[in-house]
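Undergrad:
In this note's numbering, the protein residues as written are 604 to 858.
(1) Just checking, does the region 658-678 make contact with the region 826-846 on the three C-beta pairs under 8 Å criterion?
(2) Per DSSP, what kind of secondary structure is residue 655 in: helix, strand or coil?
(3) Spatial neighbours of residue 625 within its chain, please: CB distance less than 8 Å, with the 5 preceding and 5 following residues excluded, ordered by chain position.
(4) Could you check where the beta strand (DSSP E) with residue 816 kicks off and where it finishes?
(5) Do residue 704 and residue 736 have their CB atoms nearer than 8 Å?
(6) Under DSSP, the beta strand (DSSP E) around residue 662 begins and ends at which residues?
(7) For residue 659 versus residue 852, is the C-beta spacing smaller than 8 Å?
(8) Look up residue 802 in the DSSP assignment and say whether it is helix, strand or coil.
(9) Can you check whether the CB of residue 667 is closer than 8 Å to the CB of residue 628?
(10) Can you tell which of 833, 828 and 835 has the C-alpha that lies nearest to the C-alpha of residue 850?
(11) At the level of alpha carbons, what is the spacing between residue 746 and residue 765?
(12) Hey, residue 768 and residue 700: beta-carbon distance below 8 Å or not?
(13) According to DSSP, simplified to helix, strand and coil, what is residue 606?
(14) Would residue 772 and residue 692 qualify as a contact pair, given that the criterion is a beta-carbon distance under 8 Å?
(15) Just how far apart, CA to CA, sit residue 722 and residue 715?
(16) Note down the Cα distance separating residue 756 from residue 697, rounded to an integer number of angstroms.
(17) Measuring CA to CA, which of 782, 776 and 763 is closest to residue 770?
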């Protein structure tokens with residue numbers, strides 16, 4: 604049997620897992636391994652009916668909390684609705700972010716000018732949204748113009764050093780694609796982001812199955828470099844704190 608996911612925590616009520624990048628939370632089509640919820644059903648067998656308490660974008664890796672019954676799902680759902688939860692993300696973005704920390708305060712709403720139906724944007728009449736960020740590391744990385752693979756020492760003549768920043772992010776609201784849009788608005792899109800990286804044709808090419816090697820090279824990473832690494836909340840007279848490290852492709856890019 605293929606590996607379903609990494610289990611971070613499990614008890615009678617909760618299953619907390621590390622969702623890998625490039626896996627949807629809810630099924631669209633495909634086999635029983637094609638979504639996180641279907642994998643959770645396989646893992647739990649007939650023990651209980653799983654309920655996803657939180658969700659992540661397909662390419663975002665990290666923590667997802669799964670309730671094992673409807674009562675727990677309702678209790679935790681109220682905590683998420685009231686924003687009584689602390690989320691922490693890591694992201695690798697293009698360019699060197701100025702300053703050591705900051706707050707992106709920009710309302711979000713539907714991008715009515717985009718041909719990508721799911722794309723949102725910063726707009727004055729949007730819903731209030733805030734993301735706090737902290738610079739963890741600024742670095743340069745050699746990136747080849749025609750491949751997304753790591754650069755070897757003997758290929759330096761065809762590469763150039765590009766600036767990147769590792770950010771720690773604390774979303775103060777929970778809007779769709781919030782971190783991705785806010786970082787694009789800041790002028791530092793996430794590495795590998797096909798919708799908010801500056802060329803939405805990369806996303807269209809992906810869904811239409813026509814992504815070229817040149818386009819993959821511009822993306823650098825096959826999945827965008829955003830990781831949901833920590834969740835903290837208070838529930839049933841206890842403080843819960845879950846963490847999970849980024850995936851190999853993320854950490855390898857930092858080396």
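We put the beta carbon where it would ideally sit given N, CA and C, even for glycine.
Just so we're clear, the structure is a prediction, and the values are computed from it rather than from any experiment.
TA: In this structure, then:
(1) yes
(2) strand
(3) 661, 662, 825 and 826
(4) Run containing residue 816: none in the beta strand (DSSP E); it sits in the alpha helix (DSSP H), 816-822.
(5) yes
(6) First-last for residue 662: undefined, no H or E at that position.
(7) no
(8) coil
(9) yes
(10) 828
(11) 7 Å
(12) yes
(13) coil
(14) yes
(15) 8 Å
(16) Low per-residue confidence applies at residue 756: pLDDT is 42, beneath 50, and the placement is therefore not dependable, though the value from the model is reported in the following sentence. So the two alpha carbons sit approximately 22 Å from each other.
(17) 782
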